[in-house]
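Using my numbering, the letters of the sequence shown correspond one by one to residues 1 to 356.
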Amino acid sequence: MDEFEINDMRGVNEFKGITFSKFKKTDAKKELLNSLKDGKIENALNWSAEFICSGAFIDLWDILLNFIGKHIHLGNPKLPIYLDLRFNNFKEIIQCGYIGFELNMRNNNKIRKLFGEIIIVLCKSQKKHSIESIKIQKASEFDMTTISTKLKAPNVNYATELFKKDDPKELFIGLNEFMYHLSKDSLNSLDACYWMEWILEFENMCKKKKEICICERRSFVSVEEKFQKEPIWMIWDAIFISNIAKKSEISKKILKSIFDLFCIRYTSGAKRKRKYLIYFAISLITEKINDKIPIINDKSLIDNINKKINLIYKEIKKNEVSPAMDYLFTGVEKSNREKTVEKLETMNKMNTIIRN
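Structure (structure tokens):
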């Protein structure tokens with residue numbers, strides 16, 4: 001048996017709420033975020049491997065996306081382009097024989113190195129002020145008297161271009177204010193974020209009252225059909241339209257990548273988990289960005305650490321729940337699935353060569 005290979009008899013369902021080494025997921029998440037924030041690469045690699053070994057890949061992606069939106073954002077503005085690329089690499093690996101068997105990816109060296117690289121890049125990225133979400137006072141902030149004190153847009157023309165026939169009329173004023181603060185007439189990220197939160201909270205209130213709050217379908221939205229009419233897409237529509245005024249190709253690319261990351265396995269609950277990506281997108285429009293900042297300065301660091309990445313898994317392997325007759329696995333040929341994975345990867349390489 002390979003000393004770095006995880007041979008654990010537990011299934012994915014047995015890791016609900018816990019990681020591979022039986023840490024609470026909430027505690028592991030907190031430790032991973034703190035390690036990323038403090039730039040402690042080894043600790044961050046250890047905690048990310050806990051999620052990888054328990055097959056909690058979507059949880060890990062959500063932690064990483066939350067972190068870049070909340071703690072890095074304009075400190076490394078091109079980071080979303082890089083992460084979008086890496087997520088596509090991740091999808092390609094899944095499609096090579098791992099669909100329905102995602103837990104087996106913990107022993108895939110490409111997966112280990114892919115997340116190892118991402119962790120290093122995030123640890124070495126410049127951190128900016130941590131964004132704190134704006135709280136909406138549910139009782140008062142939807143009262144017409146209170147709303148009128150918040151209105152700053154000089155007219156109602158800002159949302160006219162994007163507001164569609166089947167969009168909820170109750171959101172027009174909020175959307176108009178949102179677009180005003182994204183426009184060159186205001187460029188106020190704090191107020192824009194307030195109205196973004198206001199729109200999300202309005203939808204939340206409707207759900208609690210069991211009232212319908214859906215918007216007209218936007219053509220650029222490619223999530224599951226049942227989620228395509230949520231008001232969040234009005235917010236993204238406003239962001240894309242507002243960014244056109246910047247006439248910046250790089251901000252257009254960054255925004256597209258932020259949006260793609262936001263849509264990863266999208267569900268109604270994802271918009272709250274990933275709202276810091278929207279905060280990032282807003283600051284991209286309202287503030288000046290330094291697109292000369294490299295995604296990472298020291299690329300050799302990635303190579304040096306990834307050469308030893310399996311040592312992390314050797315340590316975690318000590319906590320595996322192994323079959324009682326583990327010795328029988330020694331010298332056994334690779335499983336049919338592993339052979340299939342290798343064949344598919346070879347075919348993908350051949351297709352790449354042909355296309356190039």
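Ideal placement from N, C-alpha and C gives every residue a C-beta, glycine not left out.
Beta-bridge analysis with DSSP links I18 to K24. For L175 against A238, the beta-carbon gap comes to about 6 Å, under 8 Å, which counts as contact. Taken in chain order, the complete beta strand (DSSP E) segments of 3 or more residues contained in the stretch 40-108 number zero; there are none. Around the beta-carbon of I111, 16 or more other beta-carbon atoms lie within 10 Å, marking it buried. Annotation: the continuous alpha helix (DSSP H) that includes R272 extends over 270-273.
By the Cβ neighbour-count rule, H129 is exposed, with fewer than 16 other Cβ atoms within 10 Å of its own.
In this structure, L190 is the residue among R274, F163, L190 with its C-alpha nearest to the C-alpha of I134. One Cα belongs to S35, the other to C215, and the distance between them is close to 40 Å. Per DSSP, the continuous alpha helix (DSSP H) segment holding S189 begins and ends at 189-208. Secondary structure of R112 (DSSP, three-state): helix. Counting C-beta atoms within 10 angstroms of its own C-beta, L45 has 16 or more neighbours from the protein chains shown and is therefore classed as buried. Of the residues assessed, L65 falls on the buried side of the cut-off, its CB having 16 or more other CB atoms within 10 angstroms.
F240 carries a helical assignment under DSSP once its states are collapsed to helix, strand and coil. Here D8 is buried, its C-beta having at least 16 other C-beta atoms within 10 Å. Of the candidates D185, M196, P154, M196 places its Cα closest to the Cα of L171.
If the five residues before and after S183 are omitted, its C-beta is found closer than 8 Å to the C-beta atoms of Y158, S242, A245, all from its own chain and listed in chain order. Per DSSP, reduced to three states, the secondary structure at D303 is helical. Burial is judged here by how many other beta carbons sit within 10 angstroms of a residue's own beta carbon; D167 has at least 16 and is buried. By the 16-neighbour rule on beta-carbons within 10 angstroms, A139 is exposed.
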